[in-house]
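What follows is one structure encoded as structure tokens, with my remarks underneath.
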Amino acid sequence: MIQLLGMVLPILERILPDEKTREEAKLKALEMAQNGEMAQLEAGVKLALGQVEINKVEAAQDNFRGGWRPFCGWICGFGLGYNFIAQPLLAWASATHGWSTPPTINADQLMVLLGGMLGLGGLRTYERIKK
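The sequence shown begins at 3 in this note's numbering and counts up by one.
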């Protein structure tokens, strides 16, 4: 908008010979530019307030049972629990009883997911503390 104003003002000086008329036209152009910028600012504020309302609704939901983050957390928890507790115990039991060895899980992929989630959780905790 300011770039447009920079192009309009020199044109007004050439077109309008009367100084009073030229100053009135410049003032009107400046008001229009300011109103346009204010309208953009107002639109941005309205957009931010709308997002705040959406965030409030999402925060009110029970994400323990329905959110993506708890789902991934439960998957990581079960996977790591199996990989580090259940699978070694089942392998020991299968070796002593002659059963087939239980499968292992690639824990590297679980650790990447868990690390990302814990990092996001840490940032969320930081946000809550800082408000």
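Built from N, CA and C at the ideal position, the CB exists for glycine as well. Quantities reported herein were computed from a predicted structural model and do not represent experimental measurements.
(message) Please state the DSSP three-state secondary structure of L18.
(response) Of the three classes helix, strand and coil, the one that applies to L18 here is coil, per DSSP.
(message) Suppose contacts are defined by Cβ-Cβ distances below 9 Å. Is Y128 in contact with I107 by that definition?
(response) No, the pair does not count as a contact, with Cβ atoms beyond the cut-off.
(request) Ignore the nearest five residues each way along the sequence and tell me which others in S102's own chain have a CB closer than 8 Å to its CB. (result) Contacts found: S96.
(request) Give, in chain order, every unbroken run of the alpha helix (DSSP H) that is at least 4 residues long and sits entirely within the segment 40–108. (result) Along the length of the segment 40–108, whole alpha helix (DSSP H) runs at least 4 residues long occupy 65–68, 70–83 and 89–99, reported in chain order.
(request) Using only alpha-carbon positions, find the residue among M34, L29 and L115 that is nearest to F80. (result) For F80, the nearest C-alpha among the options comes from L115.
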